[in-house]
Structure formats: C-alpha cells, structure tokens
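Reading through the structure tokens given below for one structure.
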DNA sequence: ACCAACTTAGGTCAATAGACCAATATTGAT
DNA sequence: ATCAATATTGGTCTATTGACCTAAGTTGGT
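Protein chains in written order, with full-length UniProt numbering: chain A, 1 to 218; chain B, 1 to 218.
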C-alpha cells in the first residue's frame, strides 16, 4: 500500500507565500498572484509574464498588483522563490518504501523523478528557469537550492543502497544521478522531441543508474 | 597527432545562409544579420532579440532589416535554422582516432561532447532553444534534427565498440547517451550552478556511459 | 465605530515593440 | 554609360510595456 503523500508520484505542492502582517485577504492576494503568474509562465512562457496579463488573470487591477509588488522584478523573484520552495518541499516530503531487494528503492525513486519531469508543469517551468538562470544570478541560486534538495534525497537512498560508502562519495554519486535525470527533461519532457521513446529511455536510464550505484568503487 | 578538423574539441562553424538570387552584398547582409542575431541571443537572451537591437548590432537600419526578413518570426526561424545547420555539420565533421583500447574512442567522444556543452555559446543557445521549443513546433523540429545528428555520431562509435549489436540497439544506446550528456549542460554548462564540480561529474558520467555500452545486453 | 489594510477606477508618462512605406543610393550585367 | 534590379535610408504608425499617480471606495480586526 502506498503512503498518502509521496508514494507513486512526486507531489509538488501549490505555491504559497510567507504570511505577512495585515489581513488574511492580503495573503490570499499574494498567493493568487503567484499561482496565476506560474500558470502564465507554464502556459505561455516568460515572455507572456507582463503585469497587465497577470492582473487580468487575477481579475484585479494593475494598480492593485503594484500594491502587492512594487516592481515587476520583485514579483518575478517572489515567483521563482515560491517555485523553488515548492520543489524543495516536494523532495523533502517524499517517502519511499524501503522494502524489496537491493536497488529497488533507488529504481523506484528514479522512476518517480522521471515521472515528474515529464509533467507539463515541470517541463515548462524548468526550461524557462534554465534560460533565466544563464543571466540572473538570483535565479541560478534558487535553481541550485532545488538541486541540492534533490541531491540530498538521492544521497540518502544511495546511502541505504551502499552503506559502506562515505558521505562524500554518496553526494558525488547523487549529484551525478540528478544531473543525468534532469537532462532527460529535454528529451522525454512534455511535448519534447523524443517523448515517443520515453519508455525505452526510462528503462535504459534506470538500469544505468542502478548499475552505476551498485558497481561504484570509491 | 590530431586531425586538423575534429580532434580535440568540437568545431561548430560560423553561421551561414543559403545563397539567394541578387547581389553578393545581399548575401553578406543575411549572413551578418544571422551572426549578429546569434551573438545577441548568446549574450543577452531571446528577450534582447529585437529588430532594433539586431539592426544596431549590424550597423544598419531597421528598415533595411525588414527588407531582408519581412517579419521578426521569419528572422528568428532563419536563425534557428542556421544554428541547427551549424551543429549538424559540427557532428558530421567530427573525426576520431579509432586506435587505442576498447572504449577509448567512446570515452574520447564523450569528453569532446561535454567540452562543447560547457562552452558559453552552446550553453546559452541550448537553454534558449529548450525554452522556445516548448512552445514553437518549428523550433522543436530543428532541435530534433540536431539531436538526430548527435545520435548518428554516437551510434557509429557504439557500433565500433560493440560490433555484435544490431542497428536498433545501437541507436537506442546512442539516444540514451546523448540524452544523458545533453542534460549535463544545466549542471556544468557555462555559468551553471555546479560548474565547480565539473571534473568530478565528467569523470563519473564518462565511466558510467562507457560501462553502460560495454555491458549492454540486447 | 474606528482605522489601517486593502481595492478600485481612472488615468498619464516615457520607452520600446513590430510593421510599414516612399524616396534615395548602390550594384552589376549589358 | 545605362538602367533595372537590388539594397538602404529615414521616417511614420499603432500597440504594448512598466511605472507612477490621485482620489474614492471596501473590508475586517479591535
């Protein structure tokens, strides 16, 4: 039986914001702005992320939007921040069954990860984030946070699979795993050019990673 | 001794265009526009790719730019096209030394590929292309062309490394290799968050891929 | 009931976007 | 040298962007 959360797929929670002083309505406003902005980013890309469109999407005035975020880059940074938080907590909340034969847990996690990157939301968001990260140091930092969480997650499983490895080796392997998996986005992500060969690629990547971990020599 | 072309690193040629009817000056114009557009895309991203900026970069009028490309999307598509061609020919022109022990050629090619993705040009261009590919089918098609060339390249090497494998298996493995390598862009590409762990990641990925090819069971 | 937090409705403003065009200059084959 | 094809200029036009503003309303905790 699966866990309620975690389990068969990665659960990336809806965006939230740090509660701020003031009425609860104000927080709702911020959260709504972030979520609709994310929707816009996913559906139409960064180019469509204009203050007017966001305001329209929220059914509020541009003036009101400016009340919450005094500039566009404030809004964008808050959005990136919220996105990073959502993925970090997705990593932290993931719980796996530790039963089964050696490597089964790892294989399971790899499959879950590859399931998430094929998601429309994840494919679109990360392709946008990568482009932004090339030019915005802040975005790059958030991206690194997300990947650090993913590395933690895999390092733990690697540690359980190969208990004799020291922490540095675990984290090195885990980083390589995440790098390998993340890159699959471009091939088997949503609407990506090799989505039709998804099954085959998942199988190969799974096997390769499990073999890599089992055969690793410090 | 290395080959003149091919050899120690991937050589992505400068952008060119199909010669058109008219004066040679016209062709120079088109080529200049494409190259300066690429420069702008690499340096400042798709958002900076405006007709005015391109014209300024070329030292020509916006009106003249419109003479060459009647709309912006015409220009952008020609640019993507030229970029795809440049990478395809980079793949086709690559020649490797086939001497050395088993797997040496493969390892060499992997290192060359990873060398290219760490390039400023390649990192920036591909992160932009991925974002565009999510929304523009034409971009996706060009991207697929590029990857198909890369797959061909690796399939040949895989064939030489494991001559007993049939063509389908070769191409399957090659696709997995390219997918694994391409994804490293986001981690060890130019200005990317794990560039400082580049050496270690290259080593692990190299080993993993070579092991995968040598141990593959049809 | 009070008052700070929130929201709307209007608008202005300078900057920049892509598209378009008529007039002029250059080219190169004849 | 001519002249039609080609290339280039400099400008207009309309639309959109982010930022900013004032003045008037609504909401909700105390």
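Think of the CB as a built atom: it goes at the ideal place given N, C-alpha and C, for glycine as much as any other residue.
Predicted, not measured: the structure shown is a model, and the values here were computed from it.
Any beta carbon of chain A sitting closer than 7 Å to that of residue i?
i: residue 71 of chain B; result: no
i: residue 61 of chain B; result: no
i: residue 179 of chain B; result: yes
i: residue 79 of chain B; result: no
i: residue 150 of chain B; result: no
i: residue 140 of chain B; result: yes
i: residue 182 of chain B; result: yes
i: residue 218 of chain B; result: no
i: residue 106 of chain B; result: no
i: residue 171 of chain B; result: no
i: residue 50 of chain B; result: no
i: residue 160 of chain B; result: no
i: residue 212 of chain B; result: yes
i: residue 12 of chain B; result: no
i: residue 45 of chain B; result: yes
i: residue 204 of chain B; result: yes
i: residue 186 of chain B; result: yes
Can you look up residue i in the DSSP assignment and give me helix, strand or coil?
i: residue 192 of chain A; result: coil
i: residue 11 of chain B; result: coil
i: residue 118 of chain A; result: coil
i: residue 6 of chain B; result: Note on residue 6 of chain B: pLDDT 47, under 50, position unreliable in the model; no value is reported.
i: residue 29 of chain A; result: helix
i: residue 140 of chain A; result: helix
i: residue 38 of chain A; result: helix
i: residue 87 of chain B; result: helix
i: residue 200 of chain B; result: helix
i: residue 149 of chain A; result: helix
i: residue 134 of chain A; result: coil
i: residue 16 of chain B; result: coil
i: residue 71 of chain A; result: coil
i: residue 44 of chain A; result: helix
i: residue 171 of chain B; result: helix
i: residue 213 of chain B; result: helix
i: residue 81 of chain B; result: helix
i: residue 102 of chain B; result: coil
i: residue 159 of chain A; result: helix
Looking at C-alpha atoms only, which residue of the options is the closest neighbour of residue i?
i: residue 213 of chain A; options: A:187, A:94, A:106; result: A:106
i: residue 146 of chain B; options: B:189, B:91, B:32; result: B:91
i: residue 104 of chain A; options: A:134, A:58, A:160; result: A:160
i: residue 190 of chain A; options: A:88, A:95, A:117, A:112; result: A:117
i: residue 18 of chain B; options: B:81, B:206, B:135; result: B:81
i: residue 110 of chain B; options: B:207, B:83, B:87; result: B:207
i: residue 120 of chain B; options: B:210, B:22, B:186; result: B:186
i: residue 144 of chain A; options: B:188, B:163, B:135; result: B:188
i: residue 51 of chain B; options: B:64, B:43, B:42; result: B:64
i: residue 112 of chain B; options: B:142, B:96, B:23; result: B:96
i: residue 175 of chain A; options: A:153, A:165, A:193; result: A:153
i: residue 32 of chain B; options: B:129, B:193, B:55; result: B:55
i: residue 36 of chain A; options: A:16, A:203, A:23, A:102; result: A:16
i: residue 205 of chain A; options: A:12, A:43, A:217, A:180; result: A:180
i: residue 69 of chain A; options: A:57, A:38, A:30; result: A:30
i: residue 86 of chain B; options: B:27, B:184, B:142, B:209; result: B:142
i: residue 28 of chain B; options: B:53, B:45, B:60; result: B:60
i: residue 126 of chain B; options: B:166, B:177, B:46; result: B:46
i: residue 44 of chain B; options: A:211, A:34, A:132, A:49; result: A:132
i: residue 94 of chain A; options: A:48, A:157, A:162; result: A:157
i: residue 165 of chain A; options: A:135, A:215, A:136; result: A:215
i: residue 48 of chain A; options: B:192, B:196, B:167, B:135; result: B:135
Less than 7 Å between CB atoms is the rule here; does residue i satisfy it with respect to chain B?
i: residue 154 of chain A; result: no
i: residue 128 of chain A; result: yes
i: residue 193 of chain A; result: yes
i: residue 208 of chain A; result: yes
i: residue 230 of chain A; result: The structure shown does not extend to residue 230 of chain A, since chain A spans only 1 to 218, so no value can be given for it.
i: residue 224 of chain A; result: Shown here, chain A extends from 1 to 218; a query on residue 224 of chain A therefore has no answer.
i: residue 135 of chain A; result: yes
i: residue 110 of chain A; result: no
Cβ closer than 8 Å: which chain B residues qualify as neighbours of residue i?
i: residue 113 of chain A; result: The contacting residues do not exist; residue 113 of chain A stays about 12 Å from chain B at best.
i: residue 123 of chain A; result: 134
i: residue 67 of chain A; result: Neighbours of residue 67 of chain A on chain B: none; closest Cβ ~26 Å, over 8 Å.
Let's see if you can read the secondary structure: which residues bound the alpha helix (DSSP H) around residue i?
i: residue 184 of chain B; result: Note, residue 184 of chain B: premise wrong, no alpha helix (DSSP H); not H, not E.
i: residue 21 of chain A; result: Counting along the chain, residue 21 of chain A falls outside any alpha helix (DSSP H), and DSSP gives it neither H nor E.
i: residue 57 of chain A; result: 51–58
i: residue 65 of chain A; result: 62–68
Residues of chain A with CB under 9 Å from residue i, in chain order?
i: residue 200 of chain B; result: 172, 175, 176
Strictly below 7 Å CB to CB, what residues from chain A border residue i?
i: residue 143 of chain B; result: 193
Since residue i meets chain A, which of its residues come closer than 8 Å, beta carbon to beta carbon?
i: residue 131 of chain B; result: 45, 46, 127, 128, 130, 131
i: residue 147 of chain B; result: 187, 193, 194
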